[in-house]
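Below is one structure, written out as structure tokens, with a few remarks after it.
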DNA sequence: ACAAAAACTTACTACTTGGTCAATATTTAT
DNA sequence: ATAAATATTGACCAAGTAGTAAGTTTTTGT
């Protein structure tokens, strides 16, 4: 009985909330937290403003929901490194997942990036410590592989930063990258090319190729 | 006579403008373009609001000046790759310069990152094409080295993105990185460690080590 | 059919914002 | 010394802003 939120009566609620969150994500990316107005979110969601504030208590709440959604998606999309995989496969999987997330959900990546750049003012404490734990844990795993002589002796934390930053870049700096490549949009090949490039480079950097 | 902007009479003007730009940079980072108010900039600069708008026509102008300052700094800080250096030294110099810029001027990096993430809405066309030219030129140089068998056959444009993103990350994600490292601030060693790590990884990735 | 709950909407308010203006003070050049 | 140029400031305003209140319509369970 605990999981009884999906009654028929909630459908409109859930649907509207989803529509609002999608519109809000776009607005927060384009205008920032302060620049995105409840009205602009309403316009984009094609709902009257008061309706937005019927489903979400206030603007801060909408933003929190957007942030939460981002974190959930990453948690699910990246998941855990499998110790049984060994360093090569683990890094390959990690890069693959992270690049696909960047290309498939650039708005999430962008909102998160802006939040961190601005000092993580809205990010709840638990999200911060969760992240710290995640990195610590993964770093420990890499360190074991290093100690076992299974990969080059590189700082595992910085390695995680490297994978994180280089993959995230394709979402956050989309505009700049497309300008440089003289393109209007990413194409399907791009994802695969980026995965191949980063995997090659980083595996070689770790002495795994 | 053309360069006669430095008359004594301009001193106060220049000084005030500088004070305003520094305060504005901080505010733009912390609050974003829309969130930074002329009043908040004034408070931080310890000047009355009307004084701010005496030296800068409007808020957009202040922001443009901040952006311009960022681009100038990078232009000067990174400069050109020297073809005579060969790939190894060129990459070493590039990473070194870029990491130091990130650690020494994180606000600039942050403001630029936010501007790009939000779609480069305020960035003038000339800055975009300039950047495209810069990357094209550097990529061509790397390609020559590759063709000469002086380095591994990796996509030069993606290589530039990799160096760009991984170095920039330490400025933009300062907050998150410090949280993960459980630190309050970067220390002197950190710069050198990051330079060493990235140089090792990327040189090895390029088959140069 | 019908009452209760959920969804929607209009009108409003208190407050913040960028920017102007007119007046005053200070500095500069002669 | 003094007029012109530069710098400084407080008071003000029109345009937006988040959020509320109070009502109406629609949906739902019985």
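Protein chains in written order, with this note's numbering: chain A, 1 to 209; chain B, 1001 to 1209.
Don't be surprised by glycine CBs; every beta carbon is placed ideally from N, CA and C.
Please check if any C-beta of chain A sits within less than 9 angstroms of the C-beta of residue 970 of chain B. Here chain B has residues from 1001 to 1209 only, and residue 970 of chain B is not among them.
So the alpha helix (DSSP H) residue 1017 of chain B belongs to, where does it begin and stop? Stepping through the second chain from its first residue, residue 1017 of chain B is reached at position 17. Residues 1011-1035.
Residue 1100 of chain B: first and last residue of the uninterrupted alpha helix (DSSP H) it sits in: Counted from its first residue, the second chain places residue 1100 of chain B at position 100. Residue 1100 of chain B -> alpha helix (DSSP H) spans 1086-1104.
So residue 1156 of chain B is in the alpha helix (DSSP H); what residue range does that whole segment cover? Sequence index remark: in the second chain, residue 1156 of chain B carries index 156 (1-based). Where residue 1156 of chain B is concerned, the enclosing alpha helix (DSSP H) stretches over 1156-1172.
In terms of alpha-carbon separation, which member of A:23, A:107, A:77 lies closest to residue 93 of chain A? Taking the first residue of the first chain as 1, we reach residue 93 of chain A at position 93. Here the closest residue by C-alpha is A:77.
Apply the 10 Å Cβ neighbour rule to residue 1140 of chain B and answer buried if 16 or more other Cβ atoms are within range, or exposed otherwise. Reading the second chain from its first residue, position 140 is the one you call residue 1140 of chain B. Label assigned to residue 1140 of chain B: exposed.
Less than 9 angstroms between CB atoms is the rule here; does residue 201 of chain A satisfy it with respect to chain B? Position 201 of the first chain, counted from the start, is the residue given in the question as residue 201 of chain A. Closer than 9 angstroms: yes.
Going by beta carbon distance, what residues of the same chain come within less than 7 angstroms of residue 1083 of chain B, once the five residues before and after it are set aside? Indexing the second chain from 1 puts residue 1083 of chain B at position 83. Excluding positions up to five away in sequence, the list reads 1141.
Cβ-Cβ separation, residue 1107 of chain B to residue 1029 of chain B (assumed contact under 8 angstroms), whole Å: Start at 1 with the first residue of the second chain, and residue 1029 of chain B comes out as number 29. Start at 1 with the first residue of the second chain, and residue 1107 of chain B comes out as number 107. Their Cβ separation, rounded to whole angstroms, is 5 angstroms, which keeps residue 1029 of chain B and residue 1107 of chain B in contact under 8 angstroms.
Nonlocal neighbours in the same chain, by C-beta distance under 6 angstroms from residue 68 of chain A, ignoring five residues either side: Working through the first chain from its first residue, we reach residue 68 of chain A at position 68. Excluding sequence neighbours, residue 68 of chain A sits near nothing in its chain.
Whether residue 98 of chain A touches residue 167 of chain A by CB criterion (9 angstroms): If you number the first chain from 1, residue 98 of chain A lands on position 98. If you number the first chain from 1, residue 167 of chain A lands on position 167. Their beta carbons are under 9 angstroms apart, which means residue 98 of chain A touches residue 167 of chain A by this criterion.
Rounded straight-line distance, which links the Cα of residue 55 of chain A to that of residue 13 of chain A: In the first chain, residue 13 of chain A corresponds to position 13, counting from 1. In the first chain, residue 55 of chain A corresponds to position 55, counting from 1. Cα to Cα, the separation comes out at about 7 angstroms.
Using a Cβ-Cβ distance under 9 angstroms, would residue 24 of chain A count as near chain B? Taking the first chain and counting its residues from 1, one reaches residue 24 of chain A at position 24. Answer no: the Cβ-Cβ gap between residue 24 of chain A and chain B never drops below 9 angstroms.
Identify, in the order they occur along the chain, each residue of the same chain with its Cβ nearer than 8 angstroms to the Cβ of residue 1153 of chain B, setting aside the five sequence neighbours on each side. Here residue 1153 of chain B corresponds to residue number 153 of the second chain, with the count starting at 1. Closer than 8 angstroms at Cβ, skipping near neighbours: 1146.
To the nearest angstrom, how far is the alpha carbon of residue 165 of chain A from that of residue 111 of chain A? In the first chain, residue 165 of chain A corresponds to position 165, counting from 1. In the first chain, residue 111 of chain A corresponds to position 111, counting from 1. Distance between the alpha carbons of residue 165 of chain A and residue 111 of chain A: 15 angstroms.
Quick one: what's got a C-beta closer than 8 angstroms to residue 1203 of chain B's C-beta in the same chain, skipping five residues either side? Residue numbering aside, residue 1203 of chain B sits at position 203 when the second chain is read from its first letter. So the qualifying residues of the chain are 1088, 1091, 1092, 1209.
Can you have a look at residue 172 of chain A and say buried or exposed, based on whether 16 or more other CB atoms are within 10 angstroms of its CB? Locating residue 172 of chain A in the first chain gives position 172, counting from the first residue. The residue is buried, with at least 16 neighbouring Cβ atoms inside 10 Å.
May I ask you to list, following chain order, the residues of the region 1162-1174 of chain B that have a beta carbon less than 7 angstroms from some beta carbon of chain A? 1162, 1165, 1166, 1169, 1172, 1173
Helix, strand or coil: which one does DSSP assign to residue 1051 of chain B? Counting from one through the second chain, the residue named residue 1051 of chain B turns up at place 51. Residue state, collapsed to three classes: helix.
Can you tell me whether residue 132 of chain A is helix, strand or coil according to DSSP? Taking the first chain and counting its residues from 1, one reaches residue 132 of chain A at position 132. Helix.
Determine the DSSP secondary structure at residue 1138 of chain B, reduced to helix, strand or coil. Taking the first residue of the second chain as position 1, residue 1138 of chain B is located at position 138. Helix.
Other residues of its chain near residue 1066 of chain B: CB distance less than 7 angstroms, five sequence neighbours each side excluded: Start at 1 with the first residue of the second chain, and residue 1066 of chain B comes out as number 66. If we look at residue 1066 of chain B and ignore the five residues flanking it on each side, its Cβ neighbours are 1021, 1024, 1025, 1028, 1111.
Environment of residue 1079 of chain B [buried if 16+ CB atoms lie within 10 Å]: Here the question's residue 1079 of chain B lines up with position 79 in the second chain. Exposed.
In chain order, what residues of the same chain have a beta carbon less than 8 angstroms from the beta carbon of residue 199 of chain A, not counting five sequence neighbours either side? The count along the first chain starts at 1 and reaches residue 199 of chain A at position 199. Only 91, 92, 95, 96 meet the Cβ criterion.
With distances taken from CA atoms, which of B:1151, B:1169, B:1170 is nearest residue 1207 of chain B? One-based indexing of the second chain puts residue 1207 of chain B at position 207. Closest option to residue 1207 of chain B, Cα to Cα, is B:1151.
Could you list the residues in the region 1109-1122 of chain B with a C-beta less than 7 angstroms from some C-beta on chain A, going in chain order? 1110, 1113, 1114, 1116, 1117, 1118, 1119, 1120
Limits of the unbroken alpha helix (DSSP H) element including residue 1064 of chain B: The count along the second chain starts at 1 and reaches residue 1064 of chain B at position 64. First-last of the alpha helix (DSSP H) with residue 1064 of chain B: 1059-1078.
Please classify residue 1183 of chain B: does DSSP put it in a helix, a strand, or coil? Indexing the second chain from 1 puts residue 1183 of chain B at position 183. Note: residue 1183 of chain B maps to coil in three-state DSSP.
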